[in-house]
Amino acid sequence: MKQVPFARSSLNHDDVFILDTEKKIYQFNGTNSNVQERAKALEVIQFLKEKYHEGTCDVAIVDDGKLDTESDSGEFWVLFGGFAPIGKKVIGEDDVVPESTPTKLYSITDGDLKIVEGELSRGILENNKCYLMDCGVEVFLWVGRVTQVEERKAASQVAEEFVASQNRPKATRITRLIQGYETHSFKSNFDSWPAGAAAPGAEEGRGKVAALLKQQGVGVKGMTKTAPVNEEIPPLLEGGGKMEVWCINGSAKTPLPKEDIGKFYSGDCYIILYTYHAGDRKEDYFLCCWIGKDSIENDQKMAARLANTMFNSLKGRPIQGRIFQGKEPPQFIALFHPMVVLKGGLSSGYKKYVAEKGLLDETYTSDGVALFRVSGVSVHNNKIMQVDPVASSLNSTECFCLQSGSSVFIWHGNQSTFEQQLLAAKVAEFLKPAVALKHAKEGTESSSFWFPLGGKQSYTSVKISPEIVRDPHLFTFLFSKGKFQVQEVYNYAQDDLLTEDILILDTHAEVFVWVGNSVDPKEKQNAFDIGQRYIEVAASLDGLSPNVPLYKVTEGNEPSFFTIYFSWDPTKASVQGNSFQKKVALLLGVGHQAVEERSNGNQGGPTQRASALAALSSAFNPSHEKSHLSPDRSNGPSQGGPTQRASALAALSSAFNSSPGTKMSTRLSGISQGSQRAAAVAALSSVLTAEKKQMPDGSPSRSPPSEPYLPAEGKNKTSEVEGSGEVAEVKETEEVASVSESIGEESEPKQGSEQNENGGGTIQSTFSYGRLKAHSDNPVTGIDFKRREAYLSEEEFQTVFGLTKEAFYKLPRWKQDMQKKKLDLF
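Take the sequence shown: its letter number 357 is residue 357 in full-length UniProt numbering, and every next letter is one higher.
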């Protein structure tokens, strides 16, 4: 996006333009512009409206080549001195796409560039140097962690001079990267990039802090370990649904009996279908394959094939997932009470594989020796694992269930919790119903406990650390010369999920492939393949587990464990149409007609009345309500008199004589021609009455000039306009008010002043937490329900959230939403 001169010659048929005036913002859609460009322009308009117009100005959409009786189109062209054909687009340097060139890497030494020969690998980059990578369209400047400030400044200067010397377009980006914080697009240019952990320096810095505290006499024992925190329950699927599980056996799937649901053998594959109700929807589905780590390839492929068949039979509505053993996400584990992973397998394919390889078949049996580890106790992490039946498998921080023939022991580690002990007893009942339990506390075990484990041995007492939580990332993708490439969408939001696209959301714990409804059906079928290609790339570049859970989520069927990573607005998700139509409906109100309907001649209802009001107002006040444009446009021919009256007659004729073949929007089908005429007559009366009220002494009334509006920082940028002239200002305030009253429109004022998206601004009114909750018995009305927390007083906010407002609004949006949902403020 860039600012262009305010002149008709700037317009063309290929782009989208925004004209910002004092009272209205216009969007001009070139005939050849695409849906995504139009939708993105509406986001810019929303920003301008909120920031520079206090959210109160009007917005108008003008379509290239469609000059009709609508006032918006007429007003737009009058600002340019009247309608006239526009020329073809002049190709500028910003429109020239640089040819793709082979990637070149240069080292920077004393301000000089030296090309790096040979295969590009991570090992080439030294942490005491700076490097420049030339990719043609983009230039990267990589800075080693131990380089000096002067070296970094010199390297930046070298990069700028390099781009200038290559005659690259001004739009060529120079991306500066610090060692350890490289992007996907940078890493993908190397032949090899070893998977790394978190950014370097985190553990190093923590160790330095501990050393410093110790030096000052502060006890630091245990401080470098993660402090225990209250565990937050992530978004889960609604409970009370119907659970169906099938085990894959050859080319068939065998349903599990109810008493076996929750038991998973590591040598088998399963299909799980969970049917539930979310909100007011009829039915939602969670469909996934569980892949055992020891299962054979044929069973894995058959599970995927049969799951796809089930997905299509349910008309593509389910959330579809692929889950590997050991990487089960919380929403999957929470479906079972409990989930127990057993050794071995029951399928014929697994049995045949074990026999052919001469392997020991360790398949669990109810009368054998088996040891089960019980660690997590929450509904979303109570997965039970069968481990090797030896004493070294024990851990003092956990509980274990030991099965030996007809005997069952519950072993309590000294650091285990009461909840773990209860869950261990529940697991024993699940595996061996109606068997008497024997309890053994660590340090008081009998010989009958140690005997099945092969005798007493040493074991650990270290608690297993949870995986590091990382911020989510959203990516678009493309195939360039057969190579899969991704590009990150920075500072992403729900609006970036365009219905014509497929996008990838990587939370590091899960990968989602989001599929828009307007995507080509063939591409929809490839969603899992796209996700797998991404996982392969991310596994080599970012250390993502190749067995990370992968989901396919279709537009309109997003589950809560997906929407938690966005500031999700259900209203946006429910609007139909392409990306541009959705944003028009949200910006101008759902009651407006769709753009295609308007451009095809559907001028009935409120659109006609608005046109008639604008034209009539202008025609009946040709001399009293003229608006003078800026001085450089004030000497042209007048646009008043007969021309305005002709416009008024055309608009009035359209309102009173709608063609029988004209179709009205389905949302307005109940409005008759009679009501249109009545509204037009009422509006005409309102115009004449308003004129008398405004001019009791007969003196002409003047309105402030209506000129293109520029933000404060852009006022000094003047523009020329082709043509000039006076135009009559269209005054609609009282006319629109009268029509609103006639159809019973009401609006409720909001309490206090609103905050912006990041929590900025000041809230004048405050309310108690009890009244602000979403399920309050005495709810507050007239507030912005998307920011309930903003109406808490500073003191109560601190009490409820445990941190200040300022600290809260610095959190990532998805973390804010998670806390608000937990506190019933979402």
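We put the CB at the ideal spot given by N, CA and C, even for glycine.
Values in this document were obtained by computation on a predicted structure and should not be read as measured data.
Backbone secondary structure at residue i - three-state DSSP
i           : result
His473      : strand
Ala440      : strand
Leu422      : helix
Asp110      : coil
Ser366      : coil
Ala790      : helix
Pro779      : coil
Phe17       : strand
Pro570      : helix
Arg8        : helix
Arg145      : coil
Gln325      : coil
Glu745      : With a pLDDT of 38 at Glu745, under the threshold of 50, the predicted position of this residue should be treated as unreliable, and no value is reported.
Met302      : helix
Ser121      : strand
Ser313      : helix
Ala60       : strand
residue 827 : Because the chain here runs from 1 to 826, residue 827 falls outside it and cannot be looked at.
Val390      : coil
Val800      : helix
Arg373      : strand
residue 882 : Here the chain covers residues 1 to 826 and nothing more, so residue 882 does not appear.
Tyr265      : strand
Endpoints, the alpha helix (DSSP H) within which residue i is located
i      : result
Gly531 : Ala527 to Asp542
Glu160 : Val149 to Ser165
Phe76  : Ser71 to Val78
Ser579 : Ser579 to Leu588
Leu772 : Tyr769 to Leu772
Pro330 : Pro330 to Ile333
Met1   : Neither: Met1 is in no alpha helix (DSSP H) and is coded neither H nor E.
Glu356 : Ser348 to Lys357
Gln816 : Arg813 to Lys822
Gln808 : Per the sequence presented here, residue 808 reads as Phe, with Gln not at that position. Note, Phe808: alpha helix (DSSP H), Lys805 to Phe808.
Beta-carbon gap between residue i and residue j smaller than 9 Å
i           : j      : result
Asn526      : Gly556 : no
residue 827 : Ser407 : No statement about residue 827 is possible, as the shown extent of the chain runs from 1 to 826 and does not include it.
Phe475      : Arg533 : no
Ile248      : Met310 : no
Ile319      : Cys289 : no
Val59       : Lys24  : yes
Pro472      : Tyr565 : yes
Val486      : Glu500 : no
Leu505      : Phe430 : no
Arg152      : Asn127 : no
Trp450      : Lys441 : no
residue 829 : Ala538 : Residue coverage of the chain in this structure runs from 1 to 826, which leaves residue 829 outside it and unanswerable.
Lys242      : Thr275 : yes
Start-to-end residues for the beta strand (DSSP E) that takes in residue i
i      : result
Thr31  : Here Thr31 belongs to no beta strand (DSSP E), and DSSP marks it neither H nor E.
Asp294 : From DSSP, Asp294 is part of no beta strand (DSSP E); its letter is neither H nor E.
His184 : Looking at the DSSP string, His184 is not in any beta strand (DSSP E); the run it does join, the alpha helix (DSSP H), is His184 to Lys187.
Val408 : Ser407 to His412
Leu132 : Cys130 to Asp134
Thr554 : Leu550 to Thr554
Phe400 : Cys399 to Ser404
Lys383 : Lys383 to Val387
Ala252 : Ala252 to Pro255
Thr275 : Cys269 to Tyr276
Distance between beta carbons of residue j and residue i, contact taken as under 8 Å
i      : j      : result
Val435 : Met385 : That pair is no contact at about 21 Å.
Ile271 : Lys258 : About 16 Å separates the two Cβ atoms, so there is no contact after all.
Thr365 : Leu346 : About 11 Å separates the two Cβ atoms, so there is no contact after all.
Gly454 : Val553 : Contact doesn't hold; Cβ gap of about 48 Å is too wide.
Val462 : Pro338 : That belief does not hold up - the Cβ atoms of Val462 and Pro338 are roughly 24 Å apart, past 8 Å.
Pro329 : Ala509 : 7 Å
Do the region 378-394 and the region 350-358 make contact, defined as three or more Cβ pairs closer than 8 Å?
no
Please determine if the region 128-145 and the region 155-165 are in contact, where contact requires at least 3 C-beta pairs separated by less than 8 Å.
yes
contact_flag[the region 295-304, the region 253-271] where n(CB pairs < 8 Å) is 3 or more
yes
Would you call the region 361-377 and the region 418-425 in contact, with 3 or more CB pairs under 8 Å?
Note that the region 361-377 touches the region 418-425; at least 3 beta-carbon pairs, one per stretch, sit closer than 8 Å.
Could you tell me whether the region 37-45 touches the region 107-114, using the rule of 3 or more Cβ pairs below 8 Å?
Touching, no.
Do three or more CB pairs link the region 546-565 to the region 319-328 at distances below 8 Å?
yes
Stretch pair the region 543-550 + the region 808-820: three plus CB contacts closer than 8 Å:
no
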